[in-house]
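Down below is the structure, laid out as structure tokens.
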Amino acid sequence: MSQISYYTEEGLKKLKDELHQMETVQRPAISQQIAEARDKGDLSENAEYDAAKEAQGLLEMRISKLKNVIANARIIDDAEMDNSKALILSTVKIKNIKTNAEAMYTLVAENEANLKEKKISVESPIGKGLLGKSVGDIADVKTPNGIIQFEILEITR
């Protein structure tokens, strides 16, 4: 059974662009490699042909998986979302209770996570700990080093 995933419009566009690139650029390039290798003669001992066929199989598998993800993707309309709780697309300002260090993260779908842009997945330990919390709540986040407590300071969109 396919799992529904939630994306921003930007995130879904990136997935569609990646699929388009695979289908219109990579697929024809691999087909060309197979044709060139086939023209070299005996296929039973042709390493180039074997490598190109394997690359084709891997590409087709990736295309199939990406089509499935896109088919089950839903765009989130953040205009209708509740700002009182940390949800996907919320920007959450948190404070580590132990160290008093503050950080601000935007909760996003797993495929859109990018720590450099301060976007963390709702599937990550911190993301899971923050989901559903309100301003003033304490989130217990399970990490390999034990449980870290974060206080929710602010939630915005």
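Just so we're on the same page, the working numbering is the position in the sequence shown counted from 1, plus 67.
Built from N, CA and C at the ideal position, the CB exists for glycine as well.
*From the DSSP output, which residues share a beta bridge with Ala140?*
Looking at the DSSP assignment, Ala140 forms a beta bridge with Ser72.
*Would you kindly work out how many angstroms separate the C-alpha atoms of Lys162 and Glu179, rounded to a whole number?*
23 Å
*Alpha carbon to alpha carbon, what distance is there between Lys165 and Val92?*
51 Å
*alpha helix (DSSP H) containing Gln100: first to last residue?*
Arg94 to Arg105
*Return the CA-CA distance between Arg141 and Thr75, expressed in angstroms with no decimal places.*
8 Å
*Nearest-angstrom Cα distance between Ala96 and Leu82?*
20 Å
*asked:* I want to know whether the segment 152-159 touches the segment 194-212 - three or more CB-CB distances under 8 Å.
replied: yes
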